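Report on the following structure.
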Amino acid sequence: MRKLWCILVVTVWSAVCFPIACLAMLVTLNPSRSVGVARRLWSPVLLWAGGAKLEVIGGENVDPKRPTIYVGNHLSTLDIPAHFLAVPVDFRFVAKSQLRWVPFIGWYLWIAGHIFIDRGDRSSAIASLDKAARQIRAGTSIFLYPEGTRSQDGSILPFKKGPFALALKARVPICPVTIEGTDNVMPKNSWNITPGPVRVKIGRPIDTTGFADNDREGLARAVRAQIIADSLSLGGKGGDPDTAVAAPNREGVAQRASSATSKAS
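Numbering (this note's numbering), first residue to last: 45 to 309.
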């Protein structure tokens, strides 16, 4: 019954909130108004329907006046509404291009100016990251999931290096955001809902100016290490520090040590 209830609530409420978000943007001519609709109307109802009780730690590390790249681990579809609530700033998600075609949610992300990346097309992906860099310079924060996919077992997967090129280009702080519990409430590829706590820990911003322009891997390792530490502090599984970087064009698969060594040399 809870599974059917959640499917009904998500479908109906998303269908209701989508035109409200579009109307808010149309009336104000401001795409940021749509983020308010997602944060104040859409997200709380989805978490309520799933029985998720949200706790946010480290809210003092969020500065709405400072453009920031928020980097989070990814466990469940519920991460998106949880992060809308946990990080109360005007940000845009960086999402897979396939999400654009998901009814209501994908349409909303597209119309509201969130950024889609086609990871199978290198030139298109670079253009998308350039667009994100321009938005950051204009004062808009970005939220992205460098694992590229949801974790199957709750552990922190290897990070893709591409998003960190964006951080080095924009030269704004990176704020690590660690989430635990959404995979217990709503596991990956499942509607088997189990009510429970969801905890989000927002870490101290990491200054990107201390990294060389091309040190994507070093920055990725530093951010991932903080998220692993915060995951463990929240009772999560953490992750393997030796598998920090994802293999080229692969999600959830670590780069081989020999490959990493040859690239470094």
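Glycine included, C-beta positions come from ideal geometry on N, C-alpha and C. Fair warning: this is a prediction, and the values are worked out from it, not measured in the lab.
- Rounded to the nearest angstrom, the gap between the Cα atoms of Asn117 and Asn293 is 18 Å.
- Taking C-beta atoms under 8 Å as the contact rule, Ala96 and Val297 fail to qualify, at a distance of about 30 Å.
- Contact annotation: the stretch 169-176 does not touch the stretch 267-275, with fewer than three C-beta pairs closer than 8 Å.
- A direct Cα-to-Cα measurement between Phe135 and Pro75 gives close to 11 Å.
- With a cutoff of 8 Å on beta-carbon distance, Ser199 and Gly282 are scored as near each other.
- For Cys66, same chain residues with a beta-carbon under 7 Å away, outside a window of 5 residues either side, are Ile155 in chain order.
- Setting aside the 5 residues that flank it on each side, Val53 is surrounded in the same chain by Val89, Leu90 and Ala93, each with a C-beta closer than 8 Å to its C-beta; the list follows chain order.
- Annotation for Gln299: Val289 and Ala291 place their beta carbon closer than 6 Å to its own, counting only its chain and skipping 5 residues before and after.
- Looking at the DSSP output, Phe135 shares a beta bridge with Ser185.
- Counting every other CB atom within 10 Å of its CB across the protein chains shown gives Leu48 a total below 16, marking it as exposed.
- The straight-line gap separating the alpha-carbon atoms of Lys213 and Arg46 is approximately 45 Å.
- Taking Cys219 as reference, the option from Asp197, Pro111, Pro147 and Phe203 with the minimal CA-CA separation is Pro111.
- By the neighbour-count criterion, in which a residue is buried when 16 or more other Cβ atoms sit within 10 angstroms of its Cβ, Ile124 is buried.
- Taking the Cβ atoms as the reference, Val267 lies roughly 6 Å from Ile250, within the contact range of under 8 Å.
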